[in-house]
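Position 74 of the sequence shown, counting from 1, maps to 74 under the UniProt record's numbering, and the rest follow consecutively.
Note that beta-carbon positions come from the ideal geometry of N, C-alpha and C, so glycine has one too.
If you're wondering where the values come from, they're calculated on a predicted model, not measured in any experiment.
Worksheet: the structure to be examined is printed underneath.
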Amino acid sequence: MTISEIKKHVPFNVIVPEYVPDDWTLEIKTYPWGTKTDFTSFSLHYMDRNDEKMLVSITQKKSIAKQTKKYIPNAKTISINGHLGRLTKWGNDGEVDRKGEIITGGLLQWSQKGTDIEIHSSRIPMEKMVEIARSMK
1 MTISEIKKHV
11 PFNVIVPEYV
21 PDDWTLEIKT
31 YPWGTKTDFT
41 SFSLHYMDRN
51 DEKMLVSITQ
61 KKSIAKQTKK
71 YIPNAKTISI
81 NGHLGRLTKW
91 GNDGEVDRKG
101 EIITGGLLQW
111 SQKGTDIEIH
121 SSRIPMEKMV
131 EIARSMK
């Protein structure tokens, strides 16, 4: 499945990053599982150069309601392409996971052009997540 094919089978705008490192690979996951058309959402999984570790996931679905300013504990409000975004750092940020890797990143959420977008990572810093998000136009 390609991004061009995804655009034909979802009822919302597909927004892809213009910036991702050249050595990342892309896997696309569509939902619900097993369907060939009429997807309700999809995820772009950007993997390391060996296609072994997911570095960042970008999930998109149709926006249902106008985003309201609700309280999200520990969330930082930021602007992403003129839209209100919420950036939440993982509670275990900086700790070492069971594979010996340092946990970093977090969850970034916003709505843009009628699409709800969620980026999450435990392997790249939030600054890089925001850079990727701001390249999505």
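Cβ shell of ASP93 (< 8 Å), same chain only, five flanking positions each side left out: In its chain, beyond the 5 residues on either side, ILE103, THR104, GLY105 and GLY106 have a beta carbon closer than 8 Å to the beta carbon of ASP93.
Whole-angstrom distance between LYS137 and TYR19, CA atom to CA atom: So the alpha carbons of these two residues sit roughly 11 Å apart.
Burial state of VAL10, where buried means 16 or more other Cβ atoms lie within 10 Å: Flag for VAL10 reads buried.
Given GLY114 as reference, the closest of TRP33, VAL56, SER41 and MET47 once Cα atoms are compared: Per the C-alpha coordinates, the member of TRP33, VAL56, SER41 and MET47 positioned closest to GLY114 is SER41.
8 Å contact criterion, which ASP48 and TRP33 should meet: CB distance rounded: 24 Å between Cβ atoms; not a contact.
For ALA75, the residue or residues it bridges with in DSSP: The partner list for ALA75 (beta bridge, DSSP) reads THR88.
Helix, strand or coil at SER135 according to DSSP, with G and I counted as helix: When DSSP states are grouped into helix, strand and coil, SER135 belongs to the coil group.
Identity of the residue in SER122, ILE6 and VAL16 nearest LYS29 by Cα: Distances from the CA of LYS29 to each of SER122, ILE6 and VAL16 were compared; the closest alpha carbon is that of ILE6.
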